[in-house]
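Engineer: Residue numbers (UniProt numbering), protein chains in the order written: chain A, 1 to 347; chain B, 1 to 347; chain C, 1 to 347.
We put the CB at the ideal spot given by N, CA and C, even for glycine.
Take a look at the following structure, please.
What follows is the structure, given as structure tokens:
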């Protein structure tokens with residue numbers, strides 16, 4: 001029952017080529033990641049993460065390295081694109097064509113940035129469909145995810161979501177840096193805006209269209225205090241927790257430590273799991289006694305409340321289906337067993 | 001002039017049947033409420049407030065009890081429905097048909113939960129229209145209000161509001177628990193999100209479509225401190241005040257004490273009324289002297305500012321029209337008299 | 001390259017007629033403003049700022065005074081209008097006709113308040129087009145800006161933005177006082193809502209449609225403490241900074257001191273300019289070395305990050321183009337010179 005549920009707690013971009021002796025160093029390192037350091041989605045980045053003069057080499061690295069590793073999650077290369085520049089779209093089409101041709105069986109889809117209004121998203125979908133046909137892959141087998149980072153894409157989010165109900169569109173990912181640049185947002189000492197309205201809309205429209213919603217990157221990777229530079233774990237965790245609270249399905253990671261954190265936060269805590277397993281167990285008992293709105297520990301539980309508890313259990317089941325190493329590491333065996341066996345129907 | 005203005009400061013749901021010796025206990029208790037404990041809208045709840053195996057009895061209780069009481073507000077039963085399940089919609093249609101048939105003269109409309117996109121709202125409206133025709137009630141005499149609690153309904157809120165401009169649609173009510181479950185929102189220690197974007201949109205679209213907007217239920221009815229369990233008056237009041245600030249017309253109540261609080265908060269305070277009566281009295285004086293943007297107590301007053309003062313007076317007049325017991329209890333007789341006699345035209 | 005970029009850091013309304021011996025006193029005083037006291041847009045106000053019985057005199061003042069001054073910014077009279085009242089629209093059409101006839105070469109456009117849904121905005125645009133044709137001005141030479149202050153306009157903001165992509169529509173200005181009155185917002189002690197969702201949408205839709213976005217007026221001009229009444233500089237600055245952070249292009253001013261503040265805040269600080277000039281200078285160096293995502297001072301810089309730095313420089317260039325007195329007063333000559341000469345292309 002969890003087979004058709006998409007999982008993307010972590011959307012980790014890795015530059016497809018870097019100016020080092022081994023230009024595929026970061027890509028390979030991400031492909032080799034294990035346990036909580038392995039993201040649900042690995043995104044070989046041919047766009048902003050790779051320098052303009054290394055794009056070609058990034059594409060070679062991607063088609064060469066991806067097939068060599070048995071990566072535990074999904075693979076979604078990010079190509080170039082721009083709603084306002086046909087030259088970028090043409091590059092994007094060539095990159096999509098090459099990827100589908102050479103690693104069409106290994107990738108789950110492509111990520112297209114800087115899309116504009118609905119018509120531009122449809123144009124990106126058509127580019128994927130064309131490559132699919134050209135290289136003999138089944139219709140719909142190569143997914144499309146988009147970065148929402150322009151005023152036009154935000155403006156058309158409802159229409160894009162409706163398009164997503166019945167198309168290859170899979171995930172809506174927020175791109176705050178391009179977005180702030182488009183709108184002219186400014187950091188006047190308290191940082192850039194968090195764009196709460198957009199995040200809430202992203203979560204809603206993804207839900208309405210049956211899509212995944214993913215937050216934007218956090219690039220203050222390190223902070224310095226008293227002479228020491230250290231990984232900025234607190235601020236990243238706060239961003240990811242805010243996204244999880246709003247119902248975003250996952251967060252963007254730029255770095256293995258961020259992946260550990262986002263994988264962890266977008267997974268119920270042992271306390272949450274214990275609490276909601278307990279609630280449903282007590283609910284199931286009360287149900288046998290025929291009560292509708294029952295009070296458990298002072299809180300009224302009706303079908304709607306019940307669904308929130310059930311979400312917790314279902315998320316654990318989906319993660320267990322894909323990454324049993326993570327659920328077995330995180331939860332007590334007895335608790336996990338109860339979560340896997342629980343009866344989840346309200347009626 | 002206040003005749004056609006709808007009033008719903010309080011939307012109180014009462015389970016239509018509960019597993020007690022007297023299954024109509026809570027429904028009857030709500031129908032008997034007086035003074036500030038009587039909600040503007042009483043909602044006999046056939047949906048989540050009544051257990052699955054007591055729905056039939058809930059419907060019997062509703063058609064039997066409602067006609068027996070001279071309830072001072074409006075009666076809006078909540079039926080079953082779901083945008084994603086025809087079985088629930090069929091139950092909803094049967095419940096609507098039975099209600100309109102037996103108590104069509106006593107109820108003001110029906111509340112339909114879990115609606116999806118515009119098309120589903122139109123489907124619900126058609127079900128009401130059909131029952132109306134079938135049982136010989138005038139076209140449009142039975143209203144429709146909907147619970148906004150799915151990603152799809154939130155996504156289509158503008159289109160639903162436009163439909164509401166010229167249809168039986170009367171109120172948009174927020175359903176946060178189902179909504180959080182749909183979006184996958186999580187409580188990570190600070191509670192569920194308040195969904196500020198949705199609340200603001202609800203207030204706006206209700207205003208644009210000439211509809212009422214109502215906040216969601218607050219179910220932490222009691223809290224415990226130092227061994228004592230007591231009614232959680234502070235937190236509920238804070239939620240209702242937040243809703244009132246944003247221009248929502250009313251709040252959801254689950255309990256008579258909540259009804260007292262929401263009736264009170266969605267009514268101008270004596271200080272607000274004194275302040276705005278005073279401002280308009282001084283404005284009317286200044287108007288006789290021919291000044292446009294006048295300064296009263298350091299604040300510039302133009303037509304727009306004036307409208308805000310007038311809102312206060314008009315709200316009091318509408319409440320006085322429906323529930324004079326409440327206005328007479330709340331305001332000094334002299335102040336109320338000034339409010340009822342004040343000239344309210346800007347020009 | 002800055003010629004076609006619109007600049008409106010400050011939208012200052014001035015009553016077109018006041019009940020004083022010299023009824024044009026405030027209008028003339030605004031037309032004579034210099035330096036940071038001169039707004040980018042001066043708005044002779046025939047609507048809420050001028051008393052009902054002085055509208056005719058306000059129109060005379062406007063057509064008489066505007067041509068006499070060489071005002072350094074743009075001139076945008078605000079006329080009367082209402083989506084719900086044909087009488088106001090007819091007055092608005094007459095005012096537009098008279099303004100275009102007599103001062104069509106001196107004004108940049110007209111500001112139309114209280115617009116409703118898209119159809120009403122199109123109706124306002126048609127009124128301007130008609131006056132343009134009637135009096136022989138080139139098509140599109142007289143702009144249209146609208147006050148967003150009704151539930152309907154907020155509801156249709158996406159559609160209005162799309163209309164703005166290819167029409168005379170120039171700016172979206174927020175009108176919070178009428179807006180709060182429409183929605184029934186209330187001040188329960190913490191002031192009126194800030195309408196964060198609307199402000200974020202205004203910034204987004206303006207960006208999507210190539211329009212300017214402007215915040216609403218702040219009318220608590222003065223505060224009193226310990227017997228002294230003084231200009232409320234802090235609270236106005238906080239509102240303007242919030243608007244600037246969200247990417248609004250400008251703020252509404254009611255008073256010369258507010259104009260100084262808004263002109264200043266919607267202009268990069270010397271520190272911001274120094275920082276972003278420095279970042280781009282270092283980026284340009286790194287680019288010569290062929291690196292894509294480079295780290296400068298611990299922050300990763302890709303094309304998107306780069307665009308945010310570039311915004312700062314471009315804003316300074318546009319202001320320098322229109323108001324060199326202000327840039328020369330604000331910035332060190334050496335820093336300004338570096339900003340004007342910097343290479344701004346990412347590739």
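Residues of chain C with CB under 7 Å from residue 188 of chain A, in chain order?
Structural biologist: Numbered from its first residue, the first chain carries residue 188 of chain A at position 188. In chain order: 241, 244, 245.
Engineer: Hey, is the stretch 58 to 71 of chain B in contact with the stretch 7 to 18 of chain C, meaning 3+ C-beta pairs nearer than 8 Å?
Structural biologist: Taking 8 Å as the limit for Cβ pairs, the verdict is that the stretch 7 to 18 of chain C does not touch the stretch 58 to 71 of chain B.
Engineer: Does DSSP put residue 45 of chain C in a helix, a strand or coil?
Structural biologist: Numbered from its first residue, the third chain carries residue 45 of chain C at position 45. Secondary structure at residue 45 of chain C: strand, using DSSP grouped into helix, strand and coil.
Engineer: Who are residue 147 of chain A's beta bridge partners in DSSP?
Structural biologist: Stepping through the first chain from its first residue, residue 147 of chain A is reached at position 147. Beta-bridge pairing links residue 147 of chain A to A:173.
Engineer: Since residue 77 of chain B contacts residue 38 of chain B with CB under 8 Å, what's their CB separation in whole angstroms?
Structural biologist: Within the second chain, the letter at position 77 stands for residue 77 of chain B. Within the second chain, the letter at position 38 stands for residue 38 of chain B. Their Cβ separation, rounded to whole angstroms, is 17 Å, which puts residue 77 of chain B and residue 38 of chain B out of contact at 8 Å.
Engineer: For residue 228 of chain C, count the other beta carbons within 10 Å of its own beta carbon; 16 or more makes it buried, fewer makes it exposed. Which is it?
Structural biologist: Counting from one through the third chain, the residue named residue 228 of chain C turns up at place 228. Burial call: exposed.
Engineer: Could you name the residues of chain B that residue 196 of chain C contacts, counting a contact when the two beta carbons are closer than 9 Å?
Structural biologist: By one-based count along the third chain, residue 196 of chain C stands at place 196. One finds 196, 197, 200 in chain B with Cβ atoms closer than 9 Å to the Cβ of residue 196 of chain C, taken in chain order.
Engineer: If we define contact as Cβ-Cβ less than 8 Å, is residue 123 of chain B a contact residue for chain C?
Structural biologist: Residue 123 of chain B sits at position 123 when you count from the first residue of the second chain. Not an interface residue.
Engineer: Determine the DSSP secondary structure at residue 256 of chain A, reduced to helix, strand or coil.
Structural biologist: Taking the first chain and counting its residues from 1, the one referred to as residue 256 of chain A is at position 256. The answer is helix: DSSP assigns residue 256 of chain A an H, G or I state.
Engineer: Any C-beta of chain A sitting closer than 8 Å to the C-beta of residue 89 of chain B?
Structural biologist: Locating residue 89 of chain B in the second chain gives position 89, where the first residue counts as 1. Taking Cβ atoms only, chain A never reaches closer than 8 Å to residue 89 of chain B, which makes this a no.
Engineer: Using the three-state DSSP reduction, which class does residue 211 of chain B fall into: helix, strand or coil?
Structural biologist: The residue you call residue 211 of chain B lines up with position 211 of the second chain. Residue state, collapsed to three classes: coil.
Engineer: In this structure, how does DSSP classify residue 223 of chain A when only helix, strand and coil are distinguished?
Structural biologist: Working through the first chain from its first residue, we reach residue 223 of chain A at position 223. Strand, per DSSP.
Engineer: Could you check what DSSP says for residue 301 of chain A in three-state terms: helix, strand or coil?
Structural biologist: By one-based count along the first chain, residue 301 of chain A stands at place 301. Three-state DSSP puts residue 301 of chain A in a strand.
Engineer: In whole angstroms, what is the alpha-carbon distance linking residue 319 of chain A and residue 35 of chain A?
Structural biologist: Numbered from 1 along the first chain, position 319 holds the residue referred to as residue 319 of chain A. Numbered from 1 along the first chain, position 35 holds the residue referred to as residue 35 of chain A. Separation of residue 319 of chain A and residue 35 of chain A (C-alpha to C-alpha, rounded to the nearest whole angstrom) is 12 Å.
Engineer: At a Cβ threshold of 8 Å, is residue 178 of chain A touching chain C?
Structural biologist: Taking the first residue of the first chain as 1, we reach residue 178 of chain A at position 178. Residue 178 of chain A counts as touching chain C.
Engineer: 8 Å is my cut-off, CB to CB: does residue 48 of chain B come that close to chain A?
Structural biologist: Here residue 48 of chain B corresponds to residue number 48 of the second chain, with the count starting at 1. Closer than 8 Å: yes.
Engineer: Might you give, ordered along the chain, the residues of its own chain that have their beta carbon closer than 6 Å to the beta carbon of residue 256 of chain C, omitting 5 neighbours on each side?
Structural biologist: For the purposes of this step, residue 256 of chain C is identified with residue 256 of the third chain, where counting begins at 1. Hits under 6 Å: 37.
Engineer: How many whole angstroms separate the CB atoms of residue 131 of chain A and residue 96 of chain A, which I take to be in contact at a CB cut-off of 8 Å?
Structural biologist: Translated into the one-based positions of the first chain, residue 131 of chain A becomes position 131. Translated into the one-based positions of the first chain, residue 96 of chain A becomes position 96. Contact holds; Cβ gap of about 5 Å.
Engineer: Please tell me whether residue 14 of chain A has its Cβ less than 8 Å away from any Cβ of chain C.
Structural biologist: On the first chain, residue 14 of chain A is found 14 positions in, with the first residue counted as 1. Cβ-Cβ to chain C under 8 Å: no for residue 14 of chain A.
Engineer: Go ahead and pull the three-state DSSP assignment for residue 78 of chain C.
Structural biologist: Against the third chain, residue 78 of chain C aligns to sequence position 78. Here DSSP, grouped into helix, strand and coil, assigns residue 78 of chain C to strand.
Engineer: Give the single residue among A:166, A:231, A:182 whose Cα lies nearest to the Cα of residue 208 of chain A.
Structural biologist: Counting from one through the first chain, the residue named residue 208 of chain A turns up at place 208. Selected option, being the one with the closest Cα: A:166.
Engineer: DSSP puts residue 198 of chain C in a beta bridge; with which residues?
Structural biologist: The sequence position of residue 198 of chain C within the third chain is 198, counting from 1. Its beta-bridge partners do not exist; DSSP assigns none.
Engineer: Can you tell me whether residue 296 of chain B is helix, strand or coil according to DSSP?
Structural biologist: Here residue 296 of chain B refers to the residue found at position 296 when the second chain is read from its first residue. Assigned with DSSP and collapsed to three states, residue 296 of chain B falls in strand.
Engineer: Strictly below 7 Å CB to CB, what residues from chain B border residue 249 of chain A?
Structural biologist: Within the first chain, residue 249 of chain A is the residue found at index 249, counting from 1. Simply 184.
Engineer: Hey, how far is the Cα of residue 154 of chain C from the Cα of residue 169 of chain C?
Structural biologist: If you number the third chain from 1, residue 154 of chain C lands on position 154. If you number the third chain from 1, residue 169 of chain C lands on position 169. Going by the C-alpha atoms only, they are around 16 Å apart.
Engineer: Tell me where the beta strand (DSSP E) around residue 15 of chain C begins and ends.
Structural biologist: Residue mapping note: residue 15 of chain C aligns to position 15 of the third chain, counting from 1. Element bounds for residue 15 of chain C: 10 to 15.
Engineer: Give the secondary structure of residue 231 of chain B by DSSP, where H, G and I count as helix, E and B as strand, and everything else as coil.
Structural biologist: Taking the second chain and counting its residues from 1, one reaches residue 231 of chain B at position 231. It is a strand residue.
Engineer: Starting from the Cα of residue 185 of chain C, find the closest Cα among B:86, B:241, B:24, B:123 and give me that residue.
Structural biologist: Your numbering for residue 185 of chain C matches position 185 in the third chain. Measuring C-alpha to C-alpha distances from residue 185 of chain C to each of B:86, B:241, B:24, B:123 identifies B:241 as the nearest.
Engineer: Roughly how far, in whole angstroms, is the beta-carbon of residue 315 of chain C from the beta-carbon of residue 270 of chain C, given that I think they are within contact range, below 8 Å?
Structural biologist: Counted from its first residue, the third chain places residue 315 of chain C at position 315. Counted from its first residue, the third chain places residue 270 of chain C at position 270. No, residue 315 of chain C and residue 270 of chain C are not in contact; Cβ-Cβ is about 13 Å, not under 8 Å.
Engineer: Residues of chain B with CB closer than 7 Å to the CB of residue 263 of chain A, please, in chain order.
Structural biologist: Position 263 of the first chain holds residue 263 of chain A. In chain order: nothing, as chain B lies at least about 15 Å away.
Engineer: With the cut-off set at 8 Å, would you say residue 310 of chain B and residue 344 of chain B are in Cβ contact?
Structural biologist: By 1-based counting over the second chain, the position of residue 310 of chain B is 310. By 1-based counting over the second chain, the position of residue 344 of chain B is 344. A contact, by the Cβ cut-off of 8 Å.
Engineer: Buried or exposed: which applies to residue 231 of chain C, given that a residue is buried once 16 or more other Cβ atoms fall within 10 Å of its Cβ?
Structural biologist: Looking up residue 231 of chain C in the third chain gives position 231. The residue is exposed, with fewer than 16 neighbouring Cβ atoms inside 10 Å.
Engineer: In chain B, which residues lie less than 7 Å from residue 308 of chain A when you measure between Cβ atoms?
Structural biologist: Within the first chain, residue 308 of chain A is the residue found at index 308, counting from 1. What residue 308 of chain A touches in chain B: 177, 180, 181.
Engineer: Might you give, ordered along the chain, the residues of its own chain that have their beta carbon closer than 7 Å to the beta carbon of residue 237 of chain C, omitting 5 neighbours on each side?
Structural biologist: The residue labelled residue 237 of chain C in the question sits at position 237 within the third chain. Cβ neighbours of residue 237 of chain C beyond the five flanking positions: 261, 265.
Engineer: Answer with yes or no whether the minimum CB distance from residue 284 of chain A to chain B is below 8 Å.
Structural biologist: Here the question's residue 284 of chain A lines up with position 284 in the first chain. It does not; no Cβ of chain B falls within 8 Å.
Engineer: Quick check: is the beta carbon of residue 367 of chain C nearer than 8 Å to any beta carbon in chain B?
Structural biologist: Coverage of chain C is limited to positions 1 through 347, which leaves residue 367 of chain C absent and any answer about it impossible.
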